[in-house]
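In the working numbering, the protein residues as written are -18 to 783. Below: the structure, in structure tokens.
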Amino acid sequence: MGISKAAFLLLFLLSSVQGDVLDGYVRTEGAWLLNPMKQVYRANSEEECAEKCENEDKFACRAFLFTSKDQQCLTLTENTKTAMVFRRANAVLYEKRIYLLECKKGIGVDYRGTEAKTQKGVRCQNWADDAPHKPNYTPEKYPNAGLEENYCRNPDNDEKGPWCYTTDPGTRFDYCHIPECEVECMHCSGENYRGVVATTVSGLVCQRWDSQQPHSHGYLPENFPEKDLKNNYCRNPDGEPRPWCFTTSSTKRWDYCDIPRCTTPPPPPAPGRQCLSGRGEDYRGTISVTESGNTCQHWSSQSPHRHARTPENYPCQSLDENYCRNPDGEQRPWCYTTNTTARWEYCNIPSCDSTKPEAPDVDVPEESQITEECYQGNGVTYRGTASFTVTGKKCQAWSSMSPHRHNKTAENFPNAGLSQNYCRNPDADSRPWCYTTDPSVRWEYCDLKKCDGQGTQTVPKPPQTTLDTNPDCIIGKGVDYRGTVAKTARGRTCQEWSSQRPHSHDYFTPKTHPSAGLEKNYCRNPDGDVNGPWCYTTDPRKAWEYCDIPKCPPPQYECGKSKFRPKLCAQRIVAGCVSHPHSWPWQISLRTSYGLHFCGGTLIDPEWVLTAAHCLEKSSRPGAYKVYLGLHKEQAAEPSVQKRDVEKLFKEPHRADIALLKLSSPAVINNHVIPVCLPKENSVLGGREECYVTGWGDTRGTSGDGYLKETGFPVIENKICNRPEFLNGRVRKHELCAGNIHGGTDTCQGDSGGPLVCLDQDKFVQHGVTSWGLGCAQPMKPGVYVRVSNYIRWIKSVMESN
């Protein structure tokens, strides 16, 4: 016996409430909604508060707030799309998923999405405005129709679906292009499928999206809030030909689901653009040549390249002729080429935005020259490139609706400079701000200072991390001791190192050991004596003696926090940019015993360095290696450089490309040398995280050779990275991919063993060790990194037992 689509959806929603009442909601921690219409209750739990919302009879409850300390429950008529959101500790906001969906049921009377332009691409007029058209339907007359902002709605039950008044004086109203919510069957490639099928075509049960067992992955529900990654239901969050899921079988990571195609025709497509906007998924122009000049292969053809991006698999993506398209959520439109040696390439599509791109920054600043961007007045005119908040959170792109939906777009605020994810002040707030990429914090002010009279703000010298200047205590063997103690433990005065009286010596002089600090007659340890600093004495009867210098207390520092602001260059280390000096203070240079750089590494503790196992292939002897810390220039002539021998080395026992080095003596933690943070055990990055790599490796002819370079690029989920056109199944479970799919930026020879770090709140966490790649910065060949979180237990056990 059949069941109607509407009835199915109702049963689906009811089953969510009856099964787990919170399944029908999206959760945001630390958020408070300003809603004038609410009901306040006492509740012992979030589930009890959800029941209050489900049973609310005063109004249609769209969301609720719960505070555990007060056990207070507030049911709300609005959600984050219609009300102001503020930060508030100990509060949790739950929003009903149905009001966040960007698809419609039937004629869309209940549609509460954020589409705000007509099917012809014309911007909608606000429902509360009287110009350019005086409306018959207003929020006052129809308070329950959801007539907020300028979003498409259907207040009059129009059979053609949601519509709006337009901002075009010549067209009073027009219909909007809102896709149908699909629950029994799928249109197109199932991007809007929201049903409850949870088995694959091979009969395997799907793994829950919020689970990392048996398969770890980056498709976390909080990173893809608009994709409805709920329970273990089949979904299509990444542009596959049809919905899929990770499976509960340990031998099959993921598989497609058998979702039938709808018999009704899909909604008519919106008119496409003839220029590039965003990722160009709506580009419908006729360019059919790639950016390197190759002619595009017809999408319906399997020659010269066989592929699955066919008009049959992607029926709604206008894969006509051989025109450049973006059917699967790539960075921009692309095509397979007719060149047998180039499977596919991106196309050069003119941008719809006339804003000129920022000029790349490839300067080599000294510490005293680093300047910080600043804003004038309240920052309405600020057009800089700062993109982090006061607490270190990365800004969300203004054109993006993930993780936070909003109306601060370039279309709505054309003069506000809302490009990329740069800090701006479109609504004349007190200073520049942005939406954040943290799903739990909607927005914050940016980490910017107000300009002085000259319009600039110079970064002050950072505070000392430890006693940098002449501390009269030693760390380890005291090789780096530069204090002023000049008497031995027995009270004898030290002889000056440059003097030959009363004791003649040829080896330990300022000339023979220029980096050992052999100044005046201060106690030093130029030969790394295990008993610590010593000196020649002024007593003719005693050639030399040890000095009595106390051990320094353990250094106090915060991991992953640099004292010099990093540039955070995300250009297209091959073609990265030169870093601000000492802005990545955990980066080390792994060298041969005679000082030649060949690999990178990361300081994770004052005594321990993490690197790649393949960097240690030439020798298993610790004495074959040296570690240089605190350097910016590869030549390592800076006074901040610390040099350490390697006392022990440990390769991961199961042949993963990761290794630990124990230093001969602890590094001195200061402004130039600070350990990075390690991730939580088995934690997994979302597929949208932007991370950074650093190194002195081969630059392939680009600028900055000899200086530490950096570049930022996104982590790529292994499922995508293992596609045939990328790394074709080579990436293993304990590895991760990162890079620009179009090439141009990558790690290269000499960068191996170095860190891939990601910003977590206000600290950098090392998630990857640079391992391998197919060439350097080649298109479709991202770099591969060992997943550090998989080896936290091994790292800790080695450090604790040695």
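Each residue gets a CB set at the ideal place from its N, CA and C atoms; glycine is no exception.
Straight-line Cα distance separating residue j from residue i
i    : j    : result
F47  : R175 : 27 Å
T271 : W235 : 32 Å
C475 : E691 : 46 Å
N783 : L597 : 19 Å
A112 : D149 : 10 Å
G365 : A594 : 41 Å
W13  : C30  : 15 Å
S570 : K643 : 14 Å
N652 : G459 : 19 Å
N135 : I240 : 29 Å
P395 : I330 : 22 Å
T675 : P695 : 14 Å
E326 : C316 : 6 Å
H168 : C297 : 8 Å
L610 : K777 : 22 Å
R711 : D638 : 14 Å
C187 : F227 : 6 Å
P802 : D433 : The displayed coordinates of the chain run from -18 to 783. Any statement about residue 802 would go beyond what the structure contains.
D1   : E32  : 11 Å
V627 : L641 : 10 Å
K599 : E619 : 28 Å
S664 : T180 : 26 Å
P491 : S480 : 10 Å
K141 : I88  : 6 Å
Bridge partners - residue i, DSSP secondary structure assignment
i    : result
W325 : Y317
I569 : G582
M65  : L15
P736 : V750
D626 : K607
Q377 : DSSP lists no partner for Q377.
P695 : E671
Y416 : W424
N396 : The partner list for N396 (beta bridge, DSSP) is empty, contrary to what the question assumes.
A618 : A618 is not bridged to any residue.
Residue i, buried or exposed, once every other Cβ within 10 Å from all chains shown has been counted against 16
i    : result
H198 : buried
Y6   : buried
P547 : buried
Y488 : exposed
S646 : buried
T9   : buried
S770 : buried
G576 : exposed
Y772 : buried
R306 : buried
A126 : buried
L15  : exposed
For residue i, the three-state DSSP class (helix, strand or coil)
i    : result
C382 : Going by the sequence as given, residue 382 is Met instead of Cys. Three-state result, M382: coil.
W775 : helix
P603 : helix
L612 : coil
C30  : helix
C596 : helix
K690 : strand
G498 : coil
Y22  : strand
Contact check, residue i vs residue j, beta carbons under 8 Å
i    : j    : result
T229 : L185 : yes
V103 : D155 : yes
H486 : Y517 : yes
T147 : Q106 : yes
E83  : T95  : yes
C504 : P495 : no
E698 : Y200 : yes
T417 : K375 : yes
E302 : S273 : no
H286 : R324 : yes
C355 : G541 : no
R43  : Y80  : yes
P218 : L210 : yes
V66  : R423 : yes
D428 : F369 : yes
L717 : G687 : no
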